[in-house]
Amino acid sequence: MNNYTFHWYQAFRAVPQMLGGAVVTLEVALLSMILGIGFAVLIAVGRGSQRAAIRGLATTWVEVARNTPALFQIYMAHFGLGAFGLHLSPFTALLAGITFNNAGYLAETFRGALRAIPPTQARAARSLGMGPVRAFTLIILPQMFRISFLPMTNQMVWAILMTSLGIVVGMNTDLAGVTQALNVKTFRTFEFFALAAIIYYLAAKTVTFGARLLAARLFRY
Amino acid sequence: MFNTALTLSDLGFMARGAAITLSITAIAVLFGTILGVIFGTLRTQISALAAAPLTFVLDVLRSVPLLIQLILANAFQSILGFGWQPFAVSCVVLSLYTSSYCAEIVRGGIEAVPMVTRRAARSLGLSWWQDLAHVVFPMALRVALPGWIGLTLGVMKDSALVLWLGIIELLRSSQILVTRLQEPLFILIVTGAIYFLISFPIARLGGRLEKRWREND
């Protein structure tokens, strides 16, 4: 230790502020998951579409989301969309970037899950008189979510971790952003980011544990 | 007509950035895989209680954002007075990060080898080490390889985060060009295309290997 004194007290005093940031982080992650799941269902269905244009669009989304860095996607939302006169705030850009990423990964998960559902399920639903939309939402979708519940939990943890990329586009209200703002003010990098790391770890563990409880409750026979 | 101020030498600048991205990825994947194989094997071969500290550390590496890990490691090495270059810090952090995921993949592969196969190998007179080297690892490799290719691609993409420490890799080089040329959309599309060109063929190769090996089973 080269004459470095740790100042933990300063960091501990900032805990309420950082927990406020953690709430924003969870908000962004949750919103990006909800939106991402919506888009992912459309993409997963779109990849099996009869029309080449829809199929192409869905495939492009998935390939771009999976083959470029998440940070690049956030940059694209923040700087790239400016060319179309769309100037997104850091919050919206972060949300858009993570949603795009989530949707791409979840779409692949859902596609696998859809393939795992026996085709007889859809046929049985249709022969009971349900329309195609009703059969899909009432019979296929619930089974799809059930099969892909574990990957969805992982994706949620990923979404939480990805929100930390917001600082790169100037986000200052989420956990990483609040920590960075405190760091710039005090130059106690290690103390503040160590606390942030602990909060991220606890958040990720809480989500994993909560999802396990939820799964036990939702998916019992 | 489409006009851009992007010149060939700018593209060369981006190519140098891409080379940095690739070299960090190569180093991280190399050391991460070596460590990951050791950690993953340890986790299956010693008791859960003895492996608990290792399991916990690997779990932390997977549950804390990589960006935070990079910042923490960089602050920590300067507190200790190591005076490392950002490149070295990035390589160390990314290697450990890779190893934590690789350990899970290796563990999954080893656990996929049926216990009866291993017992058969041992009762044929193979030592613990021979069983591991000649029976378990070759069989586990087939299960683990697709995941490992996915991990390599993931590390390549995650290596973009080292720009926070001031390393001019592909994404940072594009940011510098954006600042100078003020053409964010076009330059970002070129950057995305370069990332895509690097990762898509490898992803395809992984998919094909997976399919081919499944047929042989």
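The listed protein sequences derive, respectively, from chains A and B. Position in the first sequence (from 1) plus 508 gives the number in our numbering. Position in the second sequence (from 1) plus 957 gives the number in our numbering. Where a beta carbon is used, it is the ideal one built from N, C-alpha and C, also for glycine.
Under 7 Å by beta carbon: chain A residues contacting residue i
i        : result
Y1152(B) : N575, T576, P577 and F580
L965(B)  : Here the premise fails: no neighbours, minimum Cβ distance about 23 Å.
S1156(B) : N575
C-beta neighbour in chain B for residue i, strict 7 Å
i       : result
L504(A) : Nothing in the structure corresponds to residue 504(A), since chain A is present only between 509 and 729.
G588(A) : yes
T568(A) : no
Y709(A) : yes
S672(A) : yes
A719(A) : no
A704(A) : yes
Y512(A) : yes
Reference residue i, options the options, closest by Cα
i        : options                                   : result
I1146(B) : T576(A), Y709(A), L596(A) and G612(A)     : T576(A)
E571(A)  : R1000(B), T978(B) and I1159(B)            : I1159(B)
L1065(B) : L1098(B), R1019(B) and R1165(B)           : A small correction: the amino acid at residue 1065(B) is Gly; Leu does not occupy that position in the sequence shown. Selected option, being the one with the closest Cα: L1098(B).
L1023(B) : A684(A), G544(A) and R634(A)              : A684(A)
Y512(A)  : F695(A), G528(A), N610(A) and L550(A)     : F695(A)
V1021(B) : F717(A), R728(A), R720(A) and L703(A)     : L703(A)
M1072(B) : V1093(B), W1086(B), G1038(B) and S1056(B) : V1093(B)
L1166(B) : W1085(B), G1107(B) and R973(B)            : G1107(B)
T1109(B) : S1084(B), M971(B), I1151(B) and A983(B)   : A983(B)
Y1152(B) : S966(B), G974(B) and L963(B)              : G974(B)
P1095(B) : I1067(B), S1156(B) and V1119(B)           : I1067(B)
D1088(B) : Q1002(B), L979(B), M971(B) and F996(B)    : Q1002(B)
V641(A)  : L550(A), A519(A) and T568(A)              : L550(A)
A985(B)  : V1112(B), E1126(B), S1156(B) and W1121(B) : V1112(B)
N610(A)  : L646(A), T714(A) and A552(A)              : A552(A)
A591(A)  : R1161(B), D967(B) and I1144(B)            : I1144(B)
R1161(B) : G678(A), R574(A) and P524(A)              : R574(A)
F996(B)  : L979(B), S980(B), T978(B) and D1016(B)    : D1016(B)
L1120(B) : G1163(B), T978(B), T990(B) and F1157(B)   : T978(B)
T628(A)  : A643(A), G718(A) and T697(A)              : A643(A)
Amino acids of chain B, ordered along the chain, whose beta-carbon sits closer than 9 Å to that of residue i
i       : result
E616(A) : Within chain B, no residue comes near E616(A); the closest Cβ sits about 11 Å away, beyond 9 Å.
K713(A) : D1016 and S1020
V676(A) : L1024, L1118, L1120 and W1121
A601(A) : None at all; the shortest Cβ gap to chain B is about 12 Å.
Chain B contact residues for residue i, given Cβ-Cβ distances below 8 Å
i       : result
M660(A) : Those within 8 Å of M660(A) in chain B number zero; the least Cβ separation is about 17 Å.
A684(A) : P1022, L1024 and I1025
Neighbour list for residue i in chain A, Cβ cutoff strictly below 8 Å
i        : result
W1041(B) : What W1041(B) touches in chain A: nothing, since even the nearest Cβ is about 14 Å away.
G1149(B) : V572, T576, F580 and M584
V1135(B) : F587
Interface partners of residue i on chain B, CB under 7 Å
i       : result
L669(A) : P1022
F698(A) : L1029, A1032, F1033 and I1036
F701(A) : I1025, I1028, L1029 and A1032
A591(A) : P1141 and L1142
Y613(A) : Correct list: empty, because the minimum Cβ distance to chain B is about 11 Å.
V523(A) : Ordered by position in chain B, no residue passes the 7 Å Cβ test against V523(A), which lies about 16 Å from the chain.
Chain A within 7 Å of residue i, Cβ atoms only
i        : result
V1119(B) : no
L1142(B) : yes
K1168(B) : no
S1056(B) : no
L1053(B) : no
L1128(B) : yes
L1145(B) : yes
Cβ-Cβ separation, residue j to residue i (assumed contact under 8 Å), whole Å
i        : j        : result
L614(A)  : I545(A)  : 6 Å
G605(A)  : A578(A)  : 7 Å
S1220(B) : L1027(B) : Lying before the first or after the last residue shown, residue 1220(B) is absent from chain B, which here runs from 958 to 1174.
T607(A)  : S656(A)  : 17 Å between Cβ atoms; not a contact.
I1025(B) : F701(A)  : 6 Å
T1148(B) : L1127(B) : 6 Å
Interface partners of residue i on chain A, CB under 9 Å
i        : result
A1160(B) : E571, R574 and N575
D1088(B) : Here the premise fails: no neighbours, minimum Cβ distance about 31 Å.
is_contact[residue i, chain C] using C-beta, thresh 7 Å
i       : result
F653(A) : In the structure shown, chain C cannot be found, because the protein chains are A and B.
>> Within 8 Å, do at least three Cβ pairs link the region 656 to 672 of chain A to the region 531 to 540 of chain A?
In response: yes
>> So, does the region 1092 to 1104 of chain B touch the region 561 to 581 of chain A, judging by three or more C-beta pairs under 8 Å?
In response: no
> Contact between the region 708 to 720 of chain A and the region 1046 to 1062 of chain B: three or more CB pairs below 8 Å?
Replying inline: no
> Is it true that the region 582 to 594 of chain A meets the region 1129 to 1148 of chain B, where meeting means three or more beta-carbon pairs spaced less than 8 Å apart?
Replying inline: yes
>> Check whether the region 594 to 603 of chain A and the region 549 to 560 of chain A are in contact - that is, three or more C-beta pairs closer than 8 Å.
In response: no
>> When you compare the region 712 to 726 of chain A with the region 1113 to 1127 of chain B, are there three or more beta-carbon pairs, one atom per stretch, that lie closer than 8 Å?
In response: no
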